[in-house]
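Asker: Structure incoming, see below.
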Amino acid sequence: MTQHRIFLTGGSGFVASRMVAHLAHTHPDAYQVCACTTDILSGAPLREALAAFQPDIVLHLAAQSHVPTAFRQPELTLQVNLEGTRQLLAALDSLAFAGTLLFVGSGDMYGLVADSALPVAEHQPLRPRNPYAASKVAAEAWCYQHSLHCAYRIVMARAFNHIGRGQSNQFVLPAMAEQLVAIERGLRPPLLETGDLDVTRDFTNVSDVLEAYLALAQNGTSGEVYNVCSGIEYRVRDLVEQMMALTGLPIALKNDPARFRRAEQTRVVGDNRKLRADTGWAPQVSMTDSLAEILNDWRSR
Numbered sequence: 013m014t015q016h017r018i019f020l021t022g023g024s025g026f027v028a029s030r031m032v033a034h035l036a037h038t039h040p041d042a043y044q045v046c047a048c049t050t051d052i053l054s055g056a057p058l059r060e061a062l063a064a065f066q067p068d069i070v071l072h073l074a075a076q077s078h079v080p081t082a083f084r085q086p087e088l089t090l091q092v093n094l095e096g097t098r099q100l101l102a103a104l105d106s107l108a109f110a111g112t113l114l115f116v117g118s119g120d121m122y123g124l125v126a127d128s129a130l131p132v133a134e135h136q137p138l139r140p141r142n143p144y145a146a147s148k149v150a151a152e153a154w155c156y157q158h159s160l161h162c163a164y165r166i167v168m169a170r171a172f173n174h175i176g177r178g179q180s181n182q183f184v185l186p187a188m189a190e191q192l193v194a195i196e197r198g199l200r201p202p203l204l205e206t207g208d209l210d211v212t213r214d215f216t217n218v219s220d221v222l223e224a225y226l227a228l229a230q231n232g233t234s235g236e237v238y239n240v241c242s243g244i245e246y247r248v249r250d251l252v253e254q255m256m257a258l259t260g261l262p263i264a265l266k267n268d269p270a271r272f273r274r275a276e277q278t279r280v281v282g283d284n285r286k287l288r289a290d291t292g293w294a295p296q297v298s299m300t301d302s303l304a305e306i307l308n309d310w311r312s313r
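Counting in the numbering used here, the sequence shown runs from 13 upward without gaps.
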């Protein structure tokens with residue numbers, strides 16, 4: 013069996029941390045992994061880390077992905093997400109890399125999408141609604157043009173919302189789980205403070221997202237873009253109420269204006285048929301199991 017050497021940028025982040033554990037648990041003999049914590053903007057140290065490890069797969073996860081931060085610090089967001097990507101490509105060029113780079117973008121890149129265009133497929137025009145999404149559009153475009161003349165494969169993913177154990181409370185379902193556990197422990201009154209619960213989103217368990225990334229690194233077509241999503245539209249309110257039910261406690265809901273996002277898309281659901289067709293991937297973890305995983309994660313903290 014050929015053992016792949018996979019290099020993860022953003023090595024201290026949620027997805028990279030889960031990838032390290034996932035590979036050790038599910039593919040212990042198939043991959044050696046380097047979760048690189050070197051600053052993506054560091055230049056020489058990043059090249060040195062790549063040169064030392066000699067990967068055949070690079071999974072580009074390093075990003076400033078928090079939307080409220082992107083509104084507050086658009087320059088930082090663009091620097092990390094676009095310039096960081098450019099510097100990574102330059103480093104790979106300088107090392108005569110001959111493997112596969114998987115660039116991880118976001119379903120947020122689609123931005124303003126009419127209901128009639130749902131589920132959104134890869135050919136949908138990109139109309140980003142926030143600085144984070146705009147920076148990812150720019151970085152993906154840079155990757156695409158680079159794929160036309162570089163010596164290695166570049167595959168691009170647009171990952172929709174992913175959920176699971178270890179995710180930060182900056183994201184909606186972990187934020188709700190954190191509050192629910194505090195209520196269970198008697199640390200706060202039985203009142204859940206929420207943002208807009210009537211938006212819909214396409215959620216996939218992070219374990220399934222990781223398998224999609226591995227499948228794309230092996231079987232995706234260079235220069236092509238793939239949605240990584242469940243293809244299922246979930247109303248956030250329904251998921252929050254399911255988590256509330258798991259506590260068995262009577263809990264009320266209260267809107268918190270600070271938790272509402274600017275320029276938010278009301279409905280989001282992706283089309284994953286291209287990913288399925290080209291790689292054979294399919295999601296395996298149910299939403300019921302995902303919600304229990306998130307709640308139990310916060311119970312264990």
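Think of the CB as a built atom: it goes at the ideal place given N, C-alpha and C, for glycine as much as any other residue.
(1) Sort out for me which residues DSSP pairs Ser118 with in a bridge.
(2) Check whether the Cβ atoms of Thr216 and Pro131 sit closer than 8 angstroms, and answer yes or no.
(3) In three-state DSSP terms, what is Glu134?
(4) Report yes or no: do three or more beta-carbon pairs, one from the region 217-231 and one from the region 244-253, lie closer than 8 angstroms?
(5) Do the CB positions of Val45 and Leu35 come within less than 8 angstroms of each other?
(6) Buried or exposed: Gly25, going by 16 or more other Cβ atoms within 10 Å of its Cβ?
(7) What are the partner residues of Val221, as DSSP defines its beta bridges?
(8) CB-CB under 6 angstroms to Ala42, same chain, minus the five flanking residues each way: which ones, in chain order?
(9) Note down, in chain order, each residue of its chain lying with its Cβ closer than 8 angstroms to the Cβ of Thr212, except the 5 sequence neighbours on either side.
(10) Would you mind giving the Cβ-Cβ distance between Asp290 and Asn239, rounded to the nearest angstrom? I have them listed as a contact below 8 angstroms.
(11) Nearest by alpha-carbon distance to Ser169: which of Pro186, Ala163 and Ala151 is it?
(12) Counting only the same chain and skipping the five closest in sequence on each side, list residues whose C-beta sits under 6 angstroms from that of Leu113.
(13) Leaving out five residues on either side along the sequence, give the residues of the same chain with a beta carbon under 8 angstroms from the beta carbon of Arg311.
(14) Count the other CB atoms, across all protein chains shown, that sit within 10 Å of the CB of Asn181; report buried if there are 16 or more and exposed otherwise.
(15) Quick one: Cα of Cys162 to Cα of Asn231, how far?
(16) Just the C-alpha distance for Pro67 and Ser118, rounded to the nearest angstrom, thanks.
(17) Could you tell me whether the Cβ atoms of Tyr164 and Leu104 are closer together than 8 angstroms?
(18) Looking at the structure shown, is Glu236 part of a helix, part of a strand, or coil, going by DSSP?
(19) Excluding five sequence neighbours on each side, which residues of the same chain lie with their C-beta closer than 7 angstroms to the C-beta of Asn93?
(20) Using only CA atoms, which one of Glu276, Glu205 and Met299 lies nearest to Phe83?
(21) Please state the DSSP three-state secondary structure of Glu190.
(22) Measuring from the CB of Leu160, is there a heavy atom of the ligand FMN at a distance below 7 angstroms?
(23) Our contact map puts Leu185 next to Ile306 with C-beta atoms below 8 angstroms; I'd like the distance itself, whole angstroms only.
(24) Contact defined as beta carbons within less than 8 angstroms: I believe Leu261 pairs with Pro202. What is the distance between those atoms, to the nearest angstrom?
(25) Enumerate, from N- to C-terminal direction, the unbroken beta strand (DSSP E) stretches of 3 or more residues contained entirely within the region 41-78.
(26) May I ask you to report which of helix, strand or coil DSSP gives Ile306?
(27) Between which two residues does the beta strand (DSSP E) carrying Ala264 extend?
(28) Roughly how many whole angstroms lie between the Cα atoms of Leu138 and Trp293?
Answerer: Checking against the coordinates, here is how it stands:
(1) Ala171
(2) no
(3) coil
(4) no
(5) yes
(6) buried
(7) In the DSSP output, where bridge partners are listed per residue, Val221 has none listed.
(8) none
(9) Glu245, Tyr246, Arg247, Val248, Thr278, Arg279, Val280 and Val281
(10) That pair is no contact at about 11 angstroms.
(11) Residue identity differs from the one stated: residue 169 is Ala in this sequence, not Ser. That would be Ala151, whose Cα lies nearest to the Cα of Ala169.
(12) Val70 and Ile166
(13) Val193 and Glu196
(14) exposed
(15) 18 angstroms
(16) 24 angstroms
(17) yes
(18) coil
(19) Ala75, Gln76, Ser147, Lys148 and Ala151
(20) Glu276
(21) helix
(22) This structure lacks the ligand FMN; in fact it carries no ligand of any kind.
(23) 5 angstroms
(24) 6 angstroms
(25) 43-47 and 69-72
(26) helix
(27) Ala264 to Asn267
(28) 25 angstroms
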